[in-house]
Amino acid sequence: MDKKIVATTLERIAAFLELKGESGFRVRAFQNSAQAIQGFSGTLEEGLASGKLATVPGVGKATLEIVSELLSTGSSTVLAELEKETPRGLLEMMKISGLGVAKIRMIHENLGVENLDDLERAANDGSLAKLPRFGAKTAANVLKGISYLRRSSDFRLFHHARAEANALGKALEAVPGVASALIAGAVRRRCEIIGDLEFVIKLNGQRDTVIAALGSVEGIIEFQPKSSRTVILKFSSGTAANVTLSNDETFGPDLAQATGSANHNTMLEEFARDKGFLWTEDGLVRDGEAVHCATETAFFEILGLQFIPPELREGTTEVEVAERGELPKLLEQDSLKGFLHCHTNYSDGSSTVEEWAETCRDLGYDYLGITDHSQAATYAGGLSEEDVAVQHAEIDNVNSRISGVRVLKGVEVDILADGSPDYGPEIRSAFDFVIASVHNRYGMSSDEMTGRILRTLDDPSVSILGHPTGRLLLARDPYPMDVAAVLQKAAEVGVAVEINSDPQRLDLDWKNVKLALDLGVTISIGADAHNTSAANNVELGVGIARKGWVETGNVLNSFSTEEFLEHAQRRRKS
DNA sequence: GCCGTTTTCGGCCCGACTGTTTTCAGTCG
Numbered sequence: 001m002d003k004k005i006v007a008t009t010l011e012r013i014a015a016f017l018e019l020k021g022e023s024g025f026r027v028r029a030f031q032n033s034a035q036a037i038q039g040f041s042g043t044l045e046e047g048l049a050s051g052k053l054a055t056v057p058g059v060g061k062a063t064l065e066i067v068s069e070l071l072s073t074g075s076s077t078v079l080a081e082l083e084k085e086t087p088r089g090l091l092e093m094m095k096i097s098g099l100g101v102a103k104i105r106m107i108h109e110n111l112g113v114e115n116l117d118d119l120e121r122a123a124n125d126g127s128l129a130k131l132p133r134f135g136a137k138t139a140a141n142v143l144k145g146i147s148y149l150r151r152s153s154d155f156r157l158f159h160h161a162r163a164e165a166n167a168l169g170k171a172l173e174a175v176p177g178v179a180s181a182l183i184a185g186a187v188r189r190r191c192e193i194i195g196d197l198e199f200v201i202k203l204n205g206q207r208d209t210v211i212a213a214l215g216s217v218e219g220i221i222e223f224q225p226k227s228s229r230t231v232i233l234k235f236s237s238g239t240a241a242n243v244t245l246s247n248d249e250t251f252g253p254d255l256a257q258a259t260g261s262a263n264h265n266t267m268l269e270e271f272a273r274d275k276g277f278l279w280t281e282d283g284l285v286r287d288g289e290a291v292h293c294a295t296e297t298a299f300f301e302i303l304g305l306q307f308i309p310p311e312l313r314e315g316t317t318e319v320e321v322a323e324r325g326e327l328p329k330l331l332e333q334d335s336l337k338g339f340l341h342c343h344t345n346y347s348d349g350s351s352t353v354e355e356w357a358e359t360c361r362d363l364g365y366d367y368l369g370i371t372d373h374s375q376a377a378t379y380a381g382g383l384s385e386e387d388v389a390v391q392h393a394e395i396d397n398v399n400s401r402i403s404g405v406r407v408l409k410g411v412e413v414d415i416l417a418d419g420s421p422d423y424g425p426e427i428r429s430a431f432d433f434v435i436a437s438v439h440n441r442y443g444m445s446s447d448e449m450t451g452r453i454l455r456t457l458d459d460p461s462v463s464i465l466g467h468p469t470g471r472l473l474l475a476r477d478p479y480p481m482d483v484a485a486v487l488q489k490a491a492e493v494g495v496a497v498e499i500n501s502d503p504q505r506l507d508l509d510w511k512n513v514k515l516a517l518d519l520g521v522t523i524s525i526g527a528d529a530h531n532t533s534a535a536n537n538v539e540l541g542v543g544i545a546r547k548g549w550v551e552t553g554n555v556l557n558s559f560s561t562e563e564f565l566e567h568a569q570r571r572r573k574s
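Under the numbering used here, the letters of the first sequence match residues 1 to 574, in that order.
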């Protein structure tokens, strides 16, 4: 069983207990165990059998029982009981920023609110604002939160959607008469949030029998033939998948059609028309005759275009650039020599310096930068000046014992409200490099926030601007800020701008990555991992970099160790 | 609920901000 499903179950249990008013410590224990399970290396089945899972910190008797029940029956009686007691809608309300357990209970108990619709009514008719310690602003925030939730509820994060698409692809390939099933659409383009899934399947059996068989794929609740060649499948999970039935003759254009964004497809259609082709849902036609085209490579070749990587098919300038044969050679993950932005057990991470060193060595990196939180980040266990000295001694020690990878002394300093980076200049200069990030005061005006960050960029100790816009996908908008001004300044002063690879951040947005490149900004791909099991987050950041047209030479951590250090520190000397 | 014992019960992170209030509860990171 997928660790994510187990972790989600534990998180839901924690949320229900919180809503019930259980001890905060009990709640946190379940949240911790969810994290611990997700970070467990090895399969849960083996871990349970060998007893290794029981030795993981944060995993106790209750967690083990839930895991073992989930593995054997696929569900949890603890969770089922809780779901019976508490309306589901209340859990959904927890996602509204500004509403916590106490307020939700107050709303539920006093106004009988059980779901988002009830809540919206209460916010609109004034009854919400009349509750003690509620007011007009709270009601307005709630309405804003509801509309945000509704807008985002049809989307999922990329990594979740891709996991689902992979599983679904396998199920489709198991259908008799299906030779292969390829993931297309937004997942293939590596969009950061995904609505419907798209597949193209190649048939080696009768179309009608395959269509009939699709209806019996596990988990399908609705089955809707859309045209003679496309079918919409709806799953009990809420996912919808558009499936195009293809064959050797039209596979290339079909895959391209199902992959490109609407804008890209329009551009490509127009381009094809200029070249004397008609490109429709039924394939490619010239002079009234179907053009056989078994692969996408052949499709682009026939049109006289360079192969356009799926990530670029967004309808910006990719078609004209491909016609000139000038598409970039996009970044590949194995071009990264350095692993940046990770947290250890010194602050809010759970892996040790040594574990990080071993993991990065095994992954083939030349260097890694440990970047725990700074002292102002009290919520995340930020390091005091004394802690910094202790950690630096430990890093020296690990470097003397482990070969094949070099551990660099980095830090993620908080950008304070006035724009100065945390710690004094002496402490900051003790680090090999400094990431500066905003972690509070999101409510500033655009002018204030822009000024705050511009001041940070002026500080010569700062090497990288971390998660530059602060967005949390499907949960929180970027803080208001003049992105172009910040990128312009970063280019001028030589501060690299991060693509944060945390699946919920993927910040900088790919559209702004492209803008950053145009302005001459160096990009840094940061993992922002809190556990070695999240080391491969980097792959998600690389996807965003590719989407933003990034080549190896644009990336700070594709530099050698010496080049990286030189770039990170060059302003300190002047 | 988990942990760590000075083993079987006490401790578990907290400061800043927001929106409500005239002193602070609730939320967030």
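Cβ atoms here follow ideal geometry from the backbone N, Cα and C, with glycine treated the same way.
Provide the residue(s) that pair with L203 in DSSP beta bridges, ordered along the chain. Here residue 203 refers to the residue found at position 203 when the first sequence is read from its first residue. The beta-bridge partner set that DSSP reports for L203 consists of V178.
If you follow the alpha helix (DSSP H) that F223 is part of, which residue opens it and which one closes it? Reading the first sequence from its first residue, position 223 is the one you call residue 223. First-last for F223: I220 to P225, but that is the beta strand (DSSP E), not the alpha helix (DSSP H).
Cα-Cα separation between I194 and V187, rounded to whole angstroms: Numbered from its first residue, the first sequence carries residue 194 at position 194. Numbered from its first residue, the first sequence carries residue 187 at position 187. The alpha-carbon atoms of I194 and V187 are separated by roughly 7 Å.
Fully enclosed by the region 134–174, which alpha helix (DSSP H) runs are 4 residues long or longer? Note on the region 134–174: whole alpha helix (DSSP H) runs with a minimum of 4 residues are 136–152 and 158–173, in chain order.
Check each candidate in P468, I107 and A485 and name the one with the smallest Cα separation from D477. Position 477 of the first sequence holds residue 477. Nearest C-alpha to D477: P468.
Assuming L64 and A54 form a contact by the criterion Cβ under 8 Å, report the distance between their Cβ atoms to the nearest whole angstrom. Position 64 of the first sequence, counted from the first residue, corresponds to residue 64. Position 54 of the first sequence, counted from the first residue, corresponds to residue 54. At roughly 6 Å, the Cβ-Cβ gap stays under 8 Å, so L64 and A54 are in contact.
First and last residue of the uninterrupted alpha helix (DSSP H) at S302: Counted from its first residue, the first sequence places residue 302 at position 302. At residue 302 the sequence reads Ile, which differs from the Ser that was named. Looking at the DSSP string, the run of the alpha helix (DSSP H) that includes I302 is E296 to L303.
Do F339 and A496 have their CB atoms nearer than 8 Å? Numbered from 1 along the first sequence, position 339 holds the residue referred to as residue 339. Numbered from 1 along the first sequence, position 496 holds the residue referred to as residue 496. Going by C-beta atoms, F339 is not nearer than 8 Å to A496.
According to DSSP, what are the bridge partners of S246? By one-based count along the first sequence, residue 246 stands at place 246. According to DSSP, S246 bridges with K202.
Quick one, which of I464, S351, E192 and E85 has its alpha-carbon nearest Q35's? As a first step, residue 35 must be located in the first sequence, where it is residue number 35. Comparing Cα positions, the closest option is S351.
Is it right to say E296 is buried, meaning 16 or more other beta carbons lie within 10 angstroms of its own, or is it exposed? Your numbering for residue 296 matches position 296 in the first sequence. It counts as buried.
Inter-residue spacing [alpha-carbon to alpha-carbon] between D518 and Q306: The count along the first sequence starts at 1 and reaches residue 518 at position 518. The count along the first sequence starts at 1 and reaches residue 306 at position 306. The alpha-carbon atoms of D518 and Q306 are separated by roughly 22 Å.
Is E314 near S261, with beta carbons less than 8 Å apart? Here residue 314 refers to the residue found at position 314 of the first sequence. Here residue 261 refers to the residue found at position 261 of the first sequence. Against a cut-off of 8 Å, the Cβ pair of S261 and E314 comes out as a contact.
Helix, strand or coil at W279 [DSSP, three-state]: Position 279 of the first sequence, counting from 1, holds the residue named residue 279. Strand at W279.
Pull the bridge partners of P421 from the DSSP assignment, please. Residue 421 sits at position 421 when you count from the first residue of the first sequence. Note: P421 sits in a beta bridge opposite I415.
I need the boundaries of the alpha helix (DSSP H) containing R68, first residue and last residue. Residue 68 sits at position 68 when you count from the first residue of the first sequence. Correcting the residue type first, residue 68 is Ser in the shown sequence and not Arg. Start and end: K61 to T73.
In angstroms with no decimal places, state the Cα-to-Cα distance between G89 and N115. Taking the first residue of the first sequence as position 1, residue 89 is located at position 89. Taking the first residue of the first sequence as position 1, residue 115 is located at position 115. One Cα belongs to G89, the other to N115, and the distance between them is close to 4 Å.
Those residues which DSSP pairs with E551 across a bridge: The sequence position of residue 551 within the first sequence is 551, counting from 1. L330, per the DSSP bridge assignment.
Integer-rounded CB distance, given that G369 should sit under 8 Å from F433: Residue numbering aside, residue 433 sits at position 433 when the first sequence is read from its first letter. Residue numbering aside, residue 369 sits at position 369 when the first sequence is read from its first letter. That belief holds up - the Cβ atoms of F433 and G369 are roughly 6 Å apart, short of 8 Å.
Looking at C-beta atoms only, is the number of pairs between the region 137–148 and the region 167–184 that lie closer than 8 Å three or more? no
Can you tell me whether V390 is buried or exposed, with buried defined as 16 or more other CB within 10 angstroms of its CB? Translated into positions along the first sequence, residue 390 becomes position 390. By the neighbour-count rule (16 or more Cβ atoms within 10 Å), V390 is not buried but exposed.
For the alpha helix (DSSP H) holding V217, just list the boundary residues, first then last. One-based indexing of the first sequence puts residue 217 at position 217. From DSSP, V217 is part of no alpha helix (DSSP H); its letter is neither H nor E.
Rounded straight-line distance, which links the Cα of A181 to that of K4: Start at 1 with the first residue of the first sequence, and residue 4 comes out as number 4. Start at 1 with the first residue of the first sequence, and residue 181 comes out as number 181. K4 and A181: Cα-Cα distance of roughly 24 Å.
Distance check for I415 and E323, CA to CA, integer angstroms please. Position 323 of the first sequence, counted from the first residue, corresponds to residue 323. Position 415 of the first sequence, counted from the first residue, corresponds to residue 415. Their backbone Cα atoms lie some 44 Å apart in a straight line.
For E394, does the three-state DSSP call read helix, strand or coil? Residue 394 sits at position 394 when you count from the first residue of the first sequence. Correct three-state label for E394: helix.
Reducing DSSP to helix, strand and coil, say where K409 ends up. Within the first sequence, the letter at position 409 stands for residue 409. It is a strand residue.
Within the same chain, show all residues whose beta-carbon is closer than 8 Å to that of S560, passing over the 5 residues directly before and after it, in chain order. Translated into the one-based positions of the first sequence, residue 560 becomes position 560. Hits under 8 Å: K337 and D366.
Nearest-angstrom Cα separation, counted from G145 out to I96: Indexing the first sequence from 1 puts residue 96 at position 96. Indexing the first sequence from 1 puts residue 145 at position 145. In a straight line, the C-alpha of I96 is about 5 Å away from that of G145.
Between the alpha carbons of I104 and V462, how many angstroms are there, rounded? As a first step, residue 104 is located in the first sequence; it is residue number 104 there, counting from the start. As a first step, residue 462 is located in the first sequence; it is residue number 462 there, counting from the start. Using only the alpha carbons, I get a separation of about 41 Å.
For a quick check, are the C-beta atoms of P421 and S446 less than 8 Å apart? Counting from one through the first sequence, the residue named residue 421 turns up at place 421. Counting from one through the first sequence, the residue named residue 446 turns up at place 446. Their beta carbons are not under 8 Å apart, which means P421 does not touch S446 by this criterion.
Given R570, which residues of its chain have a CB within under 8 Å of its CB, disregarding the five upstream and five downstream residues? For this step, residue 570 is matched to residue 570 along the first sequence. If we look at R570 and ignore the five residues flanking it on each side, its Cβ neighbours are G494.
Return the CA-CA distance between T532 and V407, expressed in angstroms with no decimal places. Within the first sequence, residue 532 is the residue found at index 532, counting from 1. Within the first sequence, residue 407 is the residue found at index 407, counting from 1. Distance between the alpha carbons of T532 and V407: 14 Å.
Classification of N204 by the beta-carbon crowding that lies within 10 angstroms, buried from 16 upward: As a first step, residue 204 must be located in the first sequence, where it is residue number 204. Exposed, since its Cβ has fewer than 16 Cβ neighbours within 10 Å.
Would you kindly work out how many angstroms separate the C-alpha atoms of E173 and R229, rounded to a whole number? Looking up residue 173 in the first sequence gives position 173. Looking up residue 229 in the first sequence gives position 229. Between the alpha carbons of E173 and R229 lies a gap of roughly 17 Å.
Would you call the region 198–218 and the region 284–291 touching, i.e. three or more CB-CB distances under 8 Å? no
Return the bridge partner residues of V434 from the DSSP annotation. Numbered from 1 along the first sequence, position 434 holds the residue referred to as residue 434. V411.
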